[in-house]
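For the sequence shown, position 307 matches number 333 in the numbering used here, and the numbering has no gaps at all. The beta carbon of each residue, even a glycine, is placed where N, CA and C say it ideally should be. What follows is one structure encoded as structure tokens, with my remarks underneath.
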Amino acid sequence: MSIIRRIEAFELKLRLREPFRIAMGVSEYSHNIVVRIVDKEGNVGWGEGSPSLRVNRETVESNLSAIESVAPKLLGVDVFGIERVREILSRVEGNPSTKTAVETAVFDLIGKNTGRPVFKLLGGYRDYVITDITLGIKSPEDMARDAVRAVKRGFRILKVKLGTSPDEDIERVRLIREAVGDDIIIRVDANQGWKFDDAIRVLNKIADYNVELCEQPLPAGELEALAELRRLSPIPIMVDESVHGMLEALKVIEREAADYINIKLMKTGGIIEAMHLAYLAESVGIKCMIGCMGESLLGITMGVHFAQALKNIEFVDLDADLLLAESLVEKGGASIEKGGIRRAPSMPGLGIEALAENKLRLRLRKE
Numbered sequence: 027m028s029i030i031r032r033i034e035a036f037e038l039k040l041r042l043r044e045p046f047r048i049a050m051g052v053s054e055y056s057h058n059i060v061v062r063i064v065d066k067e068g069n070v071g072w073g074e075g076s077p078s079l080r081v082n083r084e085t086v087e088s089n090l091s092a093i094e095s096v097a098p099k100l101l102g103v104d105v106f107g108i109e110r111v112r113e114i115l116s117r118v119e120g121n122p123s124t125k126t127a128v129e130t131a132v133f134d135l136i137g138k139n140t141g142r143p144v145f146k147l148l149g150g151y152r153d154y155v156i157t158d159i160t161l162g163i164k165s166p167e168d169m170a171r172d173a174v175r176a177v178k179r180g181f182r183i184l185k186v187k188l189g190t191s192p193d194e195d196i197e198r199v200r201l202i203r204e205a206v207g208d209d210i211i212i213r214v215d216a217n218q219g220w221k222f223d224d225a226i227r228v229l230n231k232i233a234d235y236n237v238e239l240c241e242q243p244l245p246a247g248e249l250e251a252l253a254e255l256r257r258l259s260p261i262p263i264m265v266d267e268s269v270h271g272m273l274e275a276l277k278v279i280e281r282e283a284a285d286y287i288n289i290k291l292m293k294t295g296g297i298i299e300a301m302h303l304a305y306l307a308e309s310v311g312i313k314c315m316i317g318c319m320g321e322s323l324l325g326i327t328m329g330v331h332f333a334q335a336l337k338n339i340e341f342v343d344l345d346a347d348l349l350l351a352e353s354l355v356e357k358g359g360a361s362i363e364k365g366g367i368r369r370a371p372s373m374p375g376l377g378i379e380a381l382a383e384n385k386l387r388l389r390l391r392k393e
């Protein structure tokens, strides 16, 4: 048994290396919550939530309020009773990042109490994954230069943000392909930024540049249009913002609106829910990506454990920590190697050995 004795929630704000622009806006900071759960033996589990007002309609403050509401009910619960934990978290309306942060800390504790890394607890399918690196929206020329720099750093897969101007988007992909050559994988993400006719035009044009897939070309709720676009597109379609959990996934599957699904732990509202989503997709032959929001290495490490655990994770986009100018994790966490290889630690739990706790602002303690 591992009985929860104390729950703490912290606010975390980390600077990005440079402003990061996508079709939905610009970010200069990663503003997250961090959860620490301590059991009666003194073992500590850590978890992170990265809220998004645009995607999940949640904020750091709403996350903290959610934790405050459920923390008293979690005290005294055995972390090995993960279904009991999920039942308590289900009483929270929205705030999926909160649920993921708590479940991550719980799995960290389970791993530490059993001597197993989290990816082994969840499935243990592979020993490493290969992530892409994301290029934020800039001028076509600047994005081509960023692409060259990324390739020189060893990355072999580029995720290119689009969605602001169809003509410029075509030029972005053209210049990037010319700059990096034919051996680099390019995938694009419009973040809901196109209208239907623009999407058709852009996809037909950039297909000439060997694009692997296009993520969320249309607004999240336009599933009928997405289904039609998928039928007409020369490039496979992946949904992201259209799918948070099982209900949305079922709608996408019913309408045959996507070739792939991007699972983000910060959208699903928990690790177990994300696993259910991956298994559902696998049952109908849809491969999945594991993506990220604005996590530090703490949250990204949970993502790498998840990706290594499950067979149906075909694509990996776990690079948010690489866009930060500062790090929360001082020792441990998922490694990054040449070629975009990421490995979860083989030590018990998440494998986070030390955090820069001076970067954490305590907002809540319940015991």
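Asked	Found
In the DSSP assignment, find the unbroken alpha helix (DSSP H) run with Met292 in it and report its ends.	291 to 294
Grouping DSSP H, G and I as helix and E and B as strand, with all else coil, what is Lys39?	strand
Kindly indicate the opening and closing residues of the beta strand (DSSP E) around Asn236.	Counting along the chain, Asn236 falls outside any beta strand (DSSP E), and DSSP gives it neither H nor E.
Which full runs of the beta strand (DSSP E) of 3+ residues lie inside the region 30 to 110, going along the chain?	30 to 48, 51 to 65, 70 to 75
Give the straight-line distance between the Cα atoms of Glu368 and Asn230, rounded to the nearest whole angstrom.	It is worth fixing the name first, because residue 368 is Arg in this sequence and not Glu. Taking the straight line from one Cα to the other gives about 33 Å.
Ignore the nearest five residues each way along the sequence and tell me which others in Asp172's own chain have a CB closer than 6 Å to its CB.	Leu161
CB-CB under 7 Å to Arg198, same chain, minus the five flanking residues each way: which ones, in chain order?	Pro166, Met169, Val186, Leu188
Quick one: using the 10 Å Cβ neighbour count with 16 as the cut-off for buried, is Gly329 buried or exposed?	buried
Rounding to the nearest angstrom, what Cα-Cα distance links Gly71 and Ser28 in this structure?	11 Å
Can you tell me whether Glu87 is buried or exposed, with buried defined as 16 or more other CB within 10 angstroms of its CB?	exposed
Could you check the C-alpha separation between Gly207 and Ser191 for me, to the nearest Å?	24 Å
Can you tell me whether DSSP reads Phe133 as helix, strand or coil?	helix
Comparing alpha-carbon positions, which option in Val61, Ile298, Arg281 lies nearest Glu37?	Val61
Identify every run of the alpha helix (DSSP H) within the region 147 to 196, keeping only runs that are complete inside it and at least 4 residues long; order them along the chain.	166 to 178
Cα-Cα, which of Ser268, Lys66, Glu280 is closest to Pro243?	Ser268
Closest to Val265 by CA distance: which of Pro245, Glu299, Arg257 is it?	Pro245
Tell whether a beta-carbon distance below 8 Å holds between Ile196 and Ile212.	no
With a cut-off of 8 Å on the beta carbons, I'd call Cys240 and Ile263 a contact; round off their distance for me.	6 Å
Count the other CB atoms, across all protein chains shown, that sit within 10 Å of the CB of Asn236; report buried if there are 16 or more and exposed otherwise.	exposed
For Arg227, which of helix, strand or coil comes out of DSSP?	helix
Quick one: what's got a C-beta closer than 7 Å to His302's C-beta in the same chain, skipping five residues either side?	Met272
Please go through the same chain and pick out, in chain order, the residues whose beta-carbon is closer than 6 Å to the beta-carbon of Ser53, but skip the five residues on each side of it.	Phe46
Below 7 Å CB to CB, which residues in the same chain sit around Glu194 once its five sequence neighbours on both sides are set aside?	Pro166
Helix, strand or coil for Glu393, going by three-state DSSP, please let me know.	coil
What do you reckon, is the C-beta of Asn89 under 7 Å from a heavy atom of the ligand PLP?	As presented, the structure is devoid of all ligands, the ligand PLP included, so that no description of it is given.
Apart from the five residues on each side of it in sequence, which residues of its chain come closer than 8 Å, Cβ to Cβ, to Leu115?	Val96, Thr124, Lys125, Val128, Glu129, Gly295, Gly296
Are the region 286 to 294 and the region 312 to 322 touching by the rule of at least three beta carbon pairs closer than 8 Å?	yes
Checking the sheet assignment: what are the DSSP bridge partners for Pro143?	Gly375
Which residue marks the beginning of the beta strand (DSSP E) containing Val265, and which one marks its end?	263 to 265
The beta strand (DSSP E) that contains Lys357, what's its start and end?	355 to 358
For Ile30, tell me which candidate among Ala131, Gly141, Gly219 has the shortest Cα-Cα distance.	Ala131
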